[in-house]
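Residue numbers for the sequence shown, in numbering that gives the first Met the number 0: 0 to 660. C-beta: ideal position from N, C-alpha, C; glycine also. What follows is a set of notes on a single structure, which appears directly below.
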Amino acid sequence: MSLRILPQNLINQIAAGEVVERPAAALKELVENALDAGAKKVDVTLREGGRTLLSVTDDGRGMSPEELVLAVERHATSKLPDDDLFNIAFMGFRGEALPSIGSVSRMRLTSRTKGAENAWSLGIEGGMKGEPEPAAHPFGTRVEVRDLFYATPARLKFLKTARTEQMYAREIMERLAMARPDVSFSLSGDNNKSILNYPACAGDLFDARLKRLGAVMGREFQDNALQIEAEREGIRLTGYAGVPTLNRGNAQMQFLFVNGRPVKDRLLQGAVRGAYQDFLARDRHPLLALFLDLEPRDVDVNVHPGKTEVRFRDPGLVRGLIVGALKHALAGAGHRASTTVADMALGAARREGELPGGAAGYNAARPGISGYGGYGSAASYPGHQAIERNYAAQAPFDNGAGPAIGGLFDRPRDFGGHPAGASSAGDAGGYGGGNGGFAGAAAAALAGGYASASPSARIDVTDETRFVDHPLGAARGQVHANYIIAQTRDGLVIVDQHAAHERIVYERMKADLAETGVKRQGLLLPEVVELDESGADRVAERAEEFAELGLVIEPFGPGALVVREVPAMLGKVDVASLVRDLADELAELGQGMALKDRLMHVCATMACHGSVRSGRKLNADEMNALLRQMEATPHSGQCNHGRPTYVELKLNDIEKMFGRR
Numbered sequence: 000m001s002l003r004i005l006p007q008n009l010i011n012q013i014a015a016g017e018v019v020e021r022p023a024a025a026l027k028e029l030v031e032n033a034l035d036a037g038a039k040k041v042d043v044t045l046r047e048g049g050r051t052l053l054s055v056t057d058d059g060r061g062m063s064p065e066e067l068v069l070a071v072e073r074h075a076t077s078k079l080p081d082d083d084l085f086n087i088a089f090m091g092f093r094g095e096a097l098p099s100i101g102s103v104s105r106m107r108l109t110s111r112t113k114g115a116e117n118a119w120s121l122g123i124e125g126g127m128k129g130e131p132e133p134a135a136h137p138f139g140t141r142v143e144v145r146d147l148f149y150a151t152p153a154r155l156k157f158l159k160t161a162r163t164e165q166m167y168a169r170e171i172m173e174r175l176a177m178a179r180p181d182v183s184f185s186l187s188g189d190n191n192k193s194i195l196n197y198p199a200c201a202g203d204l205f206d207a208r209l210k211r212l213g214a215v216m217g218r219e220f221q222d223n224a225l226q227i228e229a230e231r232e233g234i235r236l237t238g239y240a241g242v243p244t245l246n247r248g249n250a251q252m253q254f255l256f257v258n259g260r261p262v263k264d265r266l267l268q269g270a271v272r273g274a275y276q277d278f279l280a281r282d283r284h285p286l287l288a289l290f291l292d293l294e295p296r297d298v299d300v301n302v303h304p305g306k307t308e309v310r311f312r313d314p315g316l317v318r319g320l321i322v323g324a325l326k327h328a329l330a331g332a333g334h335r336a337s338t339t340v341a342d343m344a345l346g347a348a349r350r351e352g353e354l355p356g357g358a359a360g361y362n363a364a365r366p367g368i369s370g371y372g373g374y375g376s377a378a379s380y381p382g383h384q385a386i387e388r389n390y391a392a393q394a395p396f397d398n399g400a401g402p403a404i405g406g407l408f409d410r411p412r413d414f415g416g417h418p419a420g421a422s423s424a425g426d427a428g429g430y431g432g433g434n435g436g437f438a439g440a441a442a443a444a445l446a447g448g449y450a451s452a453s454p455s456a457r458i459d460v461t462d463e464t465r466f467v468d469h470p471l472g473a474a475r476g477q478v479h480a481n482y483i484i485a486q487t488r489d490g491l492v493i494v495d496q497h498a499a500h501e502r503i504v505y506e507r508m509k510a511d512l513a514e515t516g517v518k519r520q521g522l523l524l525p526e527v528v529e530l531d532e533s534g535a536d537r538v539a540e541r542a543e544e545f546a547e548l549g550l551v552i553e554p555f556g557p558g559a560l561v562v563r564e565v566p567a568m569l570g571k572v573d574v575a576s577l578v579r580d581l582a583d584e585l586a587e588l589g590q591g592m593a594l595k596d597r598l599m600h601v602c603a604t605m606a607c608h609g610s611v612r613s614g615r616k617l618n619a620d621e622m623n624a625l626l627r628q629m630e631a632t633p634h635s636g637q638c639n640h641g642r643p644t645y646v647e648l649k650l651n652d653i654e655k656m657f658g659r660r
């Protein structure tokens, strides 16, 4: 069979197989063209998920009749003025989208330039191009794509349901909307039902971007986002990242934009994992949107026909910038936790206490109060006296003046009835032993130790206003021997004492490691680990970095390494497995995280066992000491696994829950 050049229409259909995978892919190309044309308003209409109709209307600069004819020719573009593929300043540049879409559909382009007396329209059916004709249309361009893939019926079999294809189209619109908060976007479906509508956001870039991100990613993200801004060697990183306690079970809410282009890059996943490794379990993922701006010559966007993948000239620099910026923002967050924690607590309380008609009442499951629905005197409903007597009998303090809760802190005592600082039966398993309780031991942890310490100075707990202006307020009690109740000026805080102190001890241990370095343990017999040659080379190139973490590795011929020392804190370790994990992560992420993960896991385990336990009864001094140290400790709003260490409830919300507002 002799060689021949394929017909132009067949060439376009082959290209369409790469560029136009589904209606959402065609939508992406058309909306990107609108943005490149300077549009400030983009309206999209779908029918049957884009299968029967996909219409994109913009208010961009428009096209003349001559440009309409040229626009549907293969590789015709205005976006490479100097023919330099390494200096791409537009979203599109290939000149393949319109001819590819036109070759597999019935497409009509209608456009009008500013200053033109009328618009012009051009039809293309299955790749067959008509002639421009006058039309009525405002300034800008409308592209109508009907019966997508009618010319390639086999492709139709691979499409999903209309609902699924519409979901893909919506995701594309949301990503493009996040990249351009200055542009208004709308998407409507069957029967002109509005699917999304994002007006243009006013204000400076950061404010406008946060508003748009809140509209797309949810108000929860907007309320719990940390601003990211960093620059290194001409690369600028901006955006927002959620606090660790705002997380999900997948990474679908992680977005990266490179020079305004939404991309999917595994480098982002590795960088985010490295930045959040101290705060989240491996199966939890933070929410974030990062915008990277760099010289076009430092990034290659001509990697994939869909333009969703990029390659950086210096991926290590980009990854380091992302990790450093995220860690800096997280450190600046201090003890802040997500507002969703309080929302969930209030929501749970409302569901538990809600009565018919929406009135917030007492728990109907409690005996004696099932019929209560009013807000008058508590003595006005049956069972009040019995319940009050029951609470009085359970009061943990005598105080010499009856069961009144107000006498709880008249003198420093722990909840076992012992004077502050005295040993109780519940202290045996507590942090630091029974001498001095938590206050001295916790202070010692921040000062550099983790063992018991002498009692610290006692605070004056008779002054009820003391500490209430602090972020975490003043301790008012302890319930279930694990949860501290604190009062702030405008609400209350509930603290998980074990989780909170675990974070305090963990941060101190990390600081100690940074100051003194990781201690090494020499192997009696150095262990030789065999890898494939490329894997061994990757690990050997990072030998100096691993040595700083206590792992001493040397090349040992082609495809082999010899390990002479390991971090002492790892104890007994499978050296070969550790080195292979490092090689795999270097191949996948460009950064070996396994060793750091293991070191931090050991620190986290030690912090867990070295912190005040659940069930440890604390006195007023100890509880306030914990609150003050939380305020001074970075990341104390979440434990080492991403769970919140405290819940803050505002007085307004509490009063609403009880029908007072």
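- The C-beta separation of V142 from V55 comes to about 5 Å, placing the pair in contact by the 8 Å criterion.
- Spatial neighbours of V257 in its own chain (CB-CB distance under 7 Å, excluding positions within 5 residues in sequence) are listed in chain order as L291, V298 and V309.
- At the C-beta level, K27 and I171 come within 9 Å of one another.
- The C-beta distance from A178 to G259 rounds to 5 Å, short enough to fall under 8 Å.
- If you keep only unbroken alpha helix (DSSP H) runs of at least 4 residues inside the stretch 537-563, you get 542-547.
- Within the stretch 139-207, the complete beta strand (DSSP E) segments of 3 residues or longer fall at 139-145, 183-187 and 193-197, listed in chain order.
- Runs of the alpha helix (DSSP H) spanning 4 or more residues and lying entirely within the stretch 254-293 occur at 265-275, in chain order.
- Annotation note: the stretch 500-540 contains the following uninterrupted alpha helix (DSSP H) runs of length 4 or greater, listed N- to C-terminal: 532-540.
- Contact between M252 and L289 is absent: CB atoms are separated by about 12 Å, not below the 8 Å threshold.
- Closest in alpha carbon position to E547, among P566, F278 and R3, is P566.
- Contact between F157 and V103 does not hold, since the beta-carbon distance rounds to 13 Å and is not under 8 Å.
- Close CB contacts of R312 within its chain, under the 6 Å cut and outside five residues either way in sequence, are with D297 (chain order).
- According to the DSSP assignment, M106 belongs to no alpha helix (DSSP H) but to the beta strand (DSSP E) extending over R105 to R111.
- Taking C-beta atoms under 8 Å as the contact rule, Y275 and I493 fail to qualify, at a distance of about 25 Å.
- Contact holds between the stretch 232-248 and the stretch 200-213, because three or more Cβ pairs, one in each stretch, are under 8 Å apart.
- Bounds of any beta strand (DSSP E) do not take in R218; it lies within the alpha helix (DSSP H) bounded by R218 to D222.
- Going by DSSP, L52 is part of the beta strand (DSSP E) stretching over L52 to D57.
- Each of K326, L316, L293 and R231 was checked against the Cα of R272, and the nearest Cα belongs to K326.
- G61 and E116 have their C-alpha atoms some 13 Å from each other.
- Looking at the DSSP output, D42 bridges to T56 and S185.
- Residue environment: L9 is assigned as exposed (fewer than 16 neighbouring CB atoms within 10 Å of its CB, all protein chains considered).
- In this structure, the beta-carbon distance from N639 to R502 falls below 9 Å.
- Taken through DSSP and simplified to helix, strand or coil, K571 comes out as coil.
- Per DSSP, the beta bridge partners of D299 are R310.
- Per DSSP, D495 is one residue of the beta strand (DSSP E) stretching across G490 to D495.
- In this structure, D531 keeps its C-beta atom at 9 Å or more from the C-beta atom of R642.
- From the listed residues R283, A330, G233 and A332, the smallest Cα separation to V317 is found for G233.
- According to the DSSP assignment, A474 belongs to the beta strand (DSSP E) that extends over A473 to V478.
- Taking a C-beta distance under 9 Å as the contact criterion, G188 and R46 qualify as a contact pair.
- DSSP, reduced to helix, strand and coil, places G49 within a helical segment of the structure shown.
- Each of E72, A24, P314 and I552 was checked against the Cα of Q7, and the nearest Cα belongs to E72.
- When the Cα atoms are used, L245 and E228 turn out to be separated by approximately 20 Å.
- Beyond the five residues adjoining it in sequence on each side, R105 comes within less than 6 Å, by CB distance, of E124, R145 and D146 in the same chain, given in chain order.
- In the DSSP assignment, V646 falls within the beta strand (DSSP E) that extends over Y645 to K649.
- Distance from the CA of A161 to the CA of L491, rounded to the nearest whole angstrom, comes to 49 Å.
- Going by C-alpha positions, H479 is about 49 Å away from P261.
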